[in-house]
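Reviewing the structure listed below.
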Amino acid sequence: MSVPNQVVSDNRLVVFKLAGEDYGVNIEQVHTVEKVMPITRVPRAPHFVDGVINLRGEVVPVVNLRKRLGLPEKGIDENTHIVVVVVDGQMTGLLVDEISQVLTLPEAAIQPAEQVIGGTRTGYLQGVGKWDDKLIVLMDLKRVLDTGK
Numbered sequence: 119m120s121v122p123n124q125v126v127s128d129n130r131l132v133v134f135k136l137a138g139e140d141y142g143v144n145i146e147q148v149h150t151v152e153k154v155m156p157i158t159r160v161p162r163a164p165h166f167v168d169g170v171i172n173l174r175g176e177v178v179p180v181v182n183l184r185k186r187l188g189l190p191e192k193g194i195d196e197n198t199h200i201v202v203v204v205v206d207g208q209m210t211g212l213l214v215d216e217i218s219q220v221l222t223l224p225e226a227a228i229q230p231a232e233q234v235i236g237g238t239r240t241g242y243l244q245g246v247g248k249w250d251d252k253l254i255v256l257m258d259l260k261r262v263l264d265t266g267k
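This note's numbering puts the first residue of the sequence shown at 119, with every later residue one more than the last.
Encoded structure:
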């Protein structure tokens, strides 16, 4: 029996910017938000993994979301942050351009990815939320962090 794809179980989101667009992840998946710290490069890591950080004694890989999503690269500046998420028990840092806000979206304001782009090949998209006059791309972190894709 097939289980319908849930957009988000809790509509509280951490919203951040990448290349001028708003993206969101479920706040329940967010461990912490950190200023950029020294990132140690790791040989033979996937091209979108910038390296690892030492987060209070934990070694955490850092994924550059611009590289992962095929967006133009940008240097690190004072607005750049690392959003540390936990997916399937694994902590991972997501390098983002800027943290925007934390907000709660009503279920009616979210469209599942299949409705937005059609079909089953939704990539890293979980859905799109409407907030005021903005659209927020809701990320499917399991897919984003799957190094096999």
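C-beta: ideal position from N, C-alpha, C; glycine also.
In the pairwise beta carbon analysis, the segment 178–191 is classified as touching the segment 150–166: at least three pairs are separated by under 8 Å.
When secondary structure is reduced to three states using DSSP, residue 176 falls in the strand class. When DSSP states are grouped into helix, strand and coil, residue 260 belongs to the helix group. When secondary structure is reduced to three states using DSSP, residue 162 falls in the coil class, being assigned neither helix nor strand.
Boundaries of the alpha helix (DSSP H) harbouring residue 185: 183–186, taken from the DSSP string. Cβ neighbours of residue 136 within its own chain (closer than 8 Å, five residues either side excluded): 183, 184, 187, 189, 214 and 215.
Taking all protein chains shown into account, residue 226 has fewer than 16 neighbouring C-beta atoms within 10 Å of its C-beta and is therefore exposed. Of the residues assessed, residue 200 falls on the buried side of the cut-off, its CB having 16 or more other CB atoms within 10 angstroms. In the DSSP assignment, residue 140 falls within the unbroken beta strand (DSSP E) covering 139–144.
When rounded, the separation of the alpha-carbon atoms in residue 228 and residue 211 is 25 Å. Shortest Cα-Cα distance from residue 263 to any of 230, 153 and 242 involves 242.
The three-state secondary structure of residue 225, taken from DSSP, is helix.
Nearest C-alpha to residue 221 among 204, 207, 247 and 208: 247. Contact between residue 142 and residue 217 is ruled out by a C-beta separation of about 11 Å, above the 8 Å threshold.
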